[in-house]
Amino acid sequence: MTINMHPSMGLKDSIEQRRAARSFRSDPIPDAALVEILRLGVRAPSGYNLQPWRFVVVRETENKERLKACAFNQRQVSEAPVVLICCGDRRVAEPDYIESVIKLGAEAGAVNEAYADVMRQKIPALFENHPCFQHVEAWTNRHTMLAVAHLMIVAKSYGVDSCPMEGFVSDQVKEAFQIPAEVDVCCLLALGYVAEPFKPYGGRFEIDQVFFGESYEQPLTL
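Below is the structure:
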């Protein structure tokens, strides 16, 4: 779908001005803006381009109330015009899914047969041996949150505020929204227009406190 719509804010301003909104107005997000936010949000990277993220887009009042009941009755869920249930799908290691990613890459001109064979070998080995994670859910959540971060920044560039939320009971959300057992709820993301002033900016540690040079806790010189 081609949409003639442009962001109202640049990347730097979108990052610096993004805040977690605690209350939302009822104003709807225009469909054109929402489509662009979703489309650009999933341009996030993922290992082997497996894209394990899945999102349930909740907009109906009745469904938002059901979700709110699973999220300790936090008002953002019912106030925001759109709430995403952000999930990670552990089934991305299955052969049929791997083949679908290979096909997607081949159609885009990014995967040749030699690399397809590498994917067929390396992806199952990754999930069998998991050298960089203990549980598959950790891997899918890791990549899902990359997409969530993209979604928040893109949303802000279109003037849409957001609130990432961890306060929910996962089993209740899965039951209420028919989410398969192999799919894990990573977070909720409320999207809309803030109804009150943001909390004051809490600040961030200086880069020399969180970035190190060459080895942990060694000073970074730039």
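The numbering of the sequence shown is this note's numbering, which starts it at 591 and goes up by one.
C-beta atoms are modelled at their ideal positions from N, C-alpha and C, and glycine is treated no differently.
Take residue i and list the residues in its own chain whose beta-carbon comes closer than 6 Å to its own, dropping the five residues that flank it on each side.
i, result
"aspartate 679", "Pro642, Arg644, Val773"
"alanine 706", "Ile692"
"histidine 733", "Ser636, Pro642"
"arginine 649", "Val672"
"glutamine 607", "none"
"tyrosine 713", "Before going further, note that residue 713 is isoleucine rather than tyrosine in the sequence given. Taken in chain order, the residues that qualify are Tyr638, Ile688."
"arginine 609", "Phe788"
Excluding five sequence neighbours on each side, which residues of the same chain lie with their C-beta closer than 7 Å to the C-beta of residue i?
i, result
"phenylalanine 717", "Ala683, Val726"
"glycine 695", "Asn639, Val701"
"methionine 591", "Caution applies to methionine 591, whose pLDDT of 41 falls short of 50 and renders its modelled position unreliable; the value that the coordinates give is listed next. These residues qualify, in order along the chain: Val625."
"serine 805", "none"
Could you name the residues that DSSP lists as bridge partners for residue i?
i, result
"valine 647", "Leu674"
"serine 752", "Ala610, Leu781"
"valine 773", "Asp679"
Taking Cβ positions, are residue i and residue j nearer each other than 7 Å?
i, j, result
"leucine 778", "methionine 755", "yes"
"phenylalanine 614", "glutamate 655", "no"
"serine 747", "proline 620", "no"
"cysteine 676", "valine 632", "no"
"alanine 622", "methionine 595", "yes"
"phenylalanine 802", "leucine 810", "yes"
"alanine 611", "valine 784", "yes"
"cysteine 776", "asparagine 731", "yes"
"glutamine 666", "glycine 757", "no"
Apart from the five residues just before and just after residue i, which ones in its own chain have a Cβ nearer than 8 Å to its Cβ?
i, result
"glutamate 807", "none"
"leucine 628", "Phe645, Val647, Leu741"
"aspartate 798", "Pro809, Leu810"
"glutamine 583", "Nothing about residue 583 can be read from this structure; the chain reaches only from 591 to 812."
"aspartate 617", "Pro671, Gly782, Tyr783"
Is the beta carbon of residue i within less than 6 Å of some heavy atom of the ligand HEM?
i, result
"lysine 654", "The ligand HEM is absent from the structure shown, which contains no ligands of any kind."
Tell me, please, whether the stretch 686-706 touches the stretch 733-751 by the rule of three or more beta-carbon pairs shorter than 8 Å.
no
Examine the Cβ distances between the stretch 594-607 and the stretch 642-662 and report whether three or more of them are shorter than 8 Å.
At 8 Å Cβ cutoff, the stretches do not touch.
Contact the stretch 791-803 vs the stretch 762-780: 3+ CB pairs below 8 Å
no
Below 8 Å, how does it come out for the stretch 744-758 and the stretch 779-788: are there three or more Cβ pairs, yes or no?
yes
Taking only runs of the beta strand (DSSP E) that begin and end inside the stretch 716-765, which ones reach a length of at least 3 residues, in chain order?
Those beta strand (DSSP E) runs which fall completely within the stretch 716-765 and span 3+ residues are 751-755.
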